[in-house]
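2 protein chains.
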Amino acid sequence: MSYYKEMEIRKYDDGGVRCAADIVVEEYPLTLFIAGKEFVTLLCSPEDLEYLVVGFLLSEGFIRGNKDIGSLRIDKERGIAEIELKKVSALAGKLYGSRTITSGCGRGPVFYNVKDSIDTRVIENDGFSIGYDSILQLMKRFDEKAEVFKKTGGVHSCALGIEGRIEVYHEDIGRHNAMDKVIGHAVKEGLDFGEAVALTSGRISSEMLVKSAKRGIPIIASRSAPTALAVQLAEKLNITLAGFVRGRRLNVYSGFHRIKHTAC
Amino acid sequence: MSYYKEMEIRKYDDGGVRCAADIVVEEYPLTLFIAGKEFVTLLCSPEDLEYLVVGFLLSEGFIRGNKDIGSLRIDKERGIAEIELKKVSALAGKLYGSRTITSGCGRGPVFYNVKDSIDTRVIENDGFSIGYDSILQLMKRFDEKAEVFKKTGGVHSCALGIEGRIEVYHEDIGRHNAMDKVIGHAVKEGLDFGEAVALTSGRISSEMLVKSAKRGIPIIASRSAPTALAVQLAEKLNITLAGFVRGRRLNVYSGFHRIKHTAC
């Protein structure tokens with residue numbers, strides 16, 4: 000089972016119809032059981048599932064690190080991941096999916112979700128700064144990697160850039176899953192997020208921003224657009240957010256002090 | 000509060016930096032309370048929220064029709080929707096989020112989710128058929144409507160085409176929300192889905208397919224790609240699925256019998 004599957008389809012083109020084989024992106028349901036209890040079903044690309052599960056558990060605040068996982072068994076045939084945790088965060092469990100209203104920025108909630116406020120701290124290391132060209136360079140290398148995988152354009156890609164190199168790269172039909180795979184992989188490798196740049200092909204929504212913020216990643220950059228709520232959160236959390244990073248252009252929406260020569 | 004918000008950003012372009020106002024897409028958290036119990040938070044575009052809630056409740060199997068809603072009060076300022084149901088489907092409630100493994104097509108689950116199998120029936124009306132040109136015409140009108148709204152390209156659009164006309168059209172940052180808004184609106188208007196075509200700007204995932212299948216919509220078409228699981232479900236449910244509908248071209252992945260002259 001890979002990212003894609005071949006299917007027999009009908010192709011219509013300006014009056015003519017032909018039967019043809021076409022490549023279609025896979026969508027794979029993986030159901031997570033924690034301590035035997037069914038927890039959630041992720042619809043994902045059927046690759047790097049262990050990284051996905053570890054990253055998901057980290058992002059949802061169920062574990063603080065890989066060491067909190069007692070065992071993780073993935074049954075790919077049945078689409079099941081059985082997880083035993085050494086210590087489960089009771090709070091995260093109780094709060095799962097629940098929400099409180101805060102008045103962030105006086106215009107709507109910032110943390111609309113209690114569990115998202117757990118583990119999410121304001122990023123401290125203002126010492127770390129980066130140039131526009133370095134971000135453009137990273138995105139160029141990120142795009143080159145994506146080219147290798149590109150087939151139907153049905154998947155999102157996500158990566159972690161450190162010291163100008165793409166250290167971790169993953170793809171998934173879901174941009175949230177791609178980010179969780181990158182986080183899970185990086186944590187298993189013991190990488191330091193302190194001077195990392197999170198790169199994504201998809202929109203930077205509040206959920207994407209919170210995922211990288213929880214890991215202490217100071218900069219997040221996307222080939223596409225951020226949402227207003229993601230920018231508000233980035234301002235609150237002292238995160239540098241860059242969008243529409245394409246060719247020789249990019250926009251910076253928050254955390255200007257981390258970008259060299261932002262005066263204008 | 001609209002789809003977009005203006006923000007002060009830094010624009011970098013080939014060596015030059017300038018401060019500029021930019022339009023960023025809104026992302027609005029709406030929390031649904033059913034009978035006073037917090038149920039779920041939807042991250043959406045802050046428009047047509049009543050249609051979104053009604054469509055969501057229909058898609059999730061909590062109601063069979065608008066008449067099952069006792070009251071619906073939306074507090075836009077606090078991002079809260081308070082819902083009272085005349086009769087709640089206890090089964091749907093109990094099964095919410097749970098899943099059973101079936102052996103659909105012998106390759107992974109088809110209904111990975113029990114609640115998705117509720118209300119989802121095989122589409123019967125094979126009498127209804129449509130020509131390639133009619134689908135291309137509908138998508139053209141759909142694109143024209145999208146043009147009117149297009150600003151940052153940050154939103155997905157979804158519509159219902161009946162007898163060559165776009166009867167209902169909605170947008171949202173989430174393609175699932177856009178579909179739920181269209182469904183909620185159509186159900187409140189009392190439209191008949193029997194000879195309707197669901198149109199979407201985004202990928203046709205299994206969830207999108209199931210949403211339209213539950214309403215008995217026989218044809219679903221997208222400007223972009225379907226997933227393999229969505230095509231498998233469409234085959235099982237006798238639904239005609241068209242993808243990459245652009246200009247004078249389109250692909251048909253299932254339900255060929257509903258398209259005129261599919262022989263090749």
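Protein sequence lines correspond, in order, to chains A and B.
Take the first sequence: its letter number 180 is residue 179 in numbering that gives the first Met the number 0, and every next letter is one higher.
Take the second sequence: its letter number 16 is residue 15 in numbering that gives the first Met the number 0, and every next letter is one higher.
Glycine included, every Cβ here is placed at the ideal spot set by N, Cα and C.
All figures in this text were calculated on a predicted structure; none of them were measured in a lab.
Item to check | Cutoff 8 Å: N176 (chain A) Cβ touching any chain B Cβ | outcome: no
Item to check | Of the residues A:A34, A:S133, A:V181, the one placed nearest L48 (chain A), counting alpha carbons only | outcome: A:V181
Next on the checklist: Check this for me: beta carbons of A197 (chain A) and E26 (chain B), under 8 Å apart or not?
Outcome noted: no
Checklist entry - Which residues mark the beginning and the end of the alpha helix (DSSP H) in which L228 (chain A) is found? => result 227 to 235
Next on the checklist: Quick check: the Cα distance between L236 (chain A) and S211 (chain A), rounded to an integer number of angstroms?
Outcome noted: 11 Å
Next on the checklist: Am I right that I129 (chain B) and I258 (chain B) are in contact with their C-beta atoms under 8 Å? What's the rounded C-beta distance?
Outcome noted: 6 Å
Checklist entry - Considering only residues of the segment 164 to 212 of chain B, which uninterrupted alpha helix (DSSP H) runs meet the minimum length of 4 residues and lie entirely inside it, listed in chain order? => result 174 to 188
Item to check | Residues bridged to G242 (chain B) [DSSP beta-bridge criterion] | outcome: B:N250
Checklist entry - DSSP state of S44 (chain A), grouped into three classes? => result coil
Item to check | Buried or exposed (CB count within 10 angstroms, at least 16 for buried), K264 (chain B) | outcome: Chain B is shown only over 0 to 263; residue 264 (chain B) falls outside these bounds and no answer can be derived.
Item to check | Cutoff 8 Å: P225 (chain A) Cβ touching any chain B Cβ | outcome: yes
Next on the checklist: Short of 7 Å in beta carbon distance, which residues of its chain neighbour F38 (chain B), apart from the five on each side in sequence? Order them along the chain.
Outcome noted: L31, F32
Checklist entry - Does the separation of the CB atoms of L41 (chain A) and F55 (chain A) fall below 8 Å? => result yes
Item to check | F243 (chain B) beta carbon less than 8 Å from that of R9 (chain A) | outcome: no
Item to check | Own chain residues within Cβ distance below 7 Å of A195 (chain A), not counting five before or after | outcome: L159, G160, I161, I216
Item to check | Separation of D171 (chain A) from V154 (chain A), as counted between CA atoms | outcome: 5 Å
Checklist entry - Using the rule of at least 16 other Cβ atoms within 10 Å of the residue's Cβ for burial, across every protein chain shown, is C43 (chain A) buried or exposed? => result buried
Item to check | Proximity to A145 (chain B) [Cα-Cα], best of B:E81, B:F127, B:G201, B:D132 | outcome: B:G201
Checklist entry - Could you check where the beta strand (DSSP E) with K10 (chain A) kicks off and where it finishes? => result 3 to 12
Checklist entry - Does the beta-carbon of V251 (chain A) have 16 or more other beta-carbons within 10 angstroms, so that it is buried, or is it exposed? => result buried
Item to check | Same chain, Cβ closer than 8 Å to H260 (chain A), neighbours up to 5 away in sequence not counted | outcome: G130, Y131
Checklist entry - Just by C-beta distance, which residues in the segment 0 to 26 of chain B are closer than 7 Å to chain A? => result K4, M6, I8, R9, K10, Y11, D12, D13, V16, R17, C18, D21, V23, V24, E25, E26
Next on the checklist: Can you check whether the C-beta of N250 (chain B) is within less than 8 Å of a C-beta belonging to chain A?
Outcome noted: yes
Next on the checklist: Between V196 (chain B) and chain A, is any beta-carbon pair separated by less than 8 Å?
Outcome noted: no
Next on the checklist: Looking only at its chain, what residues have a beta carbon closer than 7 Å to the beta carbon of E234 (chain B), apart from the 5 residues adjacent to it on each side?
Outcome noted: So the qualifying residues of the chain are S253.
Item to check | C-alpha distance - A34 (chain A) paired with D74 (chain A), whole-angstrom precision | outcome: 15 Å
Checklist entry - Are the CB atoms of L249 (chain A) and L135 (chain A) nearer to each other than 8 Å? => result yes
Item to check | Neighbour list for Y50 (chain A) in chain B, Cβ cutoff strictly below 7 Å | outcome: What Y50 (chain A) touches in chain B: nothing, since even the nearest Cβ is about 20 Å away.
Item to check | Proximal residues, the segment 200 to 216 of chain A versus chain B, C-beta separation under 8 Å | outcome: R202, S204, S205, E206
Item to check | DSSP state of S133 (chain B) mapped onto helix, strand, coil | outcome: In this structure, S133 (chain B) counts as helix in the three-state DSSP scheme.
Item to check | Under 8 Å from the C-beta of A229 (chain A): neighbouring residues of chain B | outcome: E26
Item to check | Straight-line gap, E81 (chain A) to R77 (chain B) (C-alpha atoms, nearest Å) | outcome: 38 Å
Checklist entry - Can you check whether the CB of S58 (chain A) is closer than 8 Å to the CB of D142 (chain A)? => result D142 (chain A) places its beta carbon 8 Å or farther from that of S58 (chain A).
Next on the checklist: Quick check: V265 (chain A) and T226 (chain B), are their CB atoms within less than 8 Å of each other?
Outcome noted: Since the displayed chain A opens at 0 and closes at 263, residue 265 (chain A) lies outside it and no answer follows.
Checklist entry - So is F255 (chain B) in contact with chain A if we call contact Cβ pairs under 8 Å? => result yes
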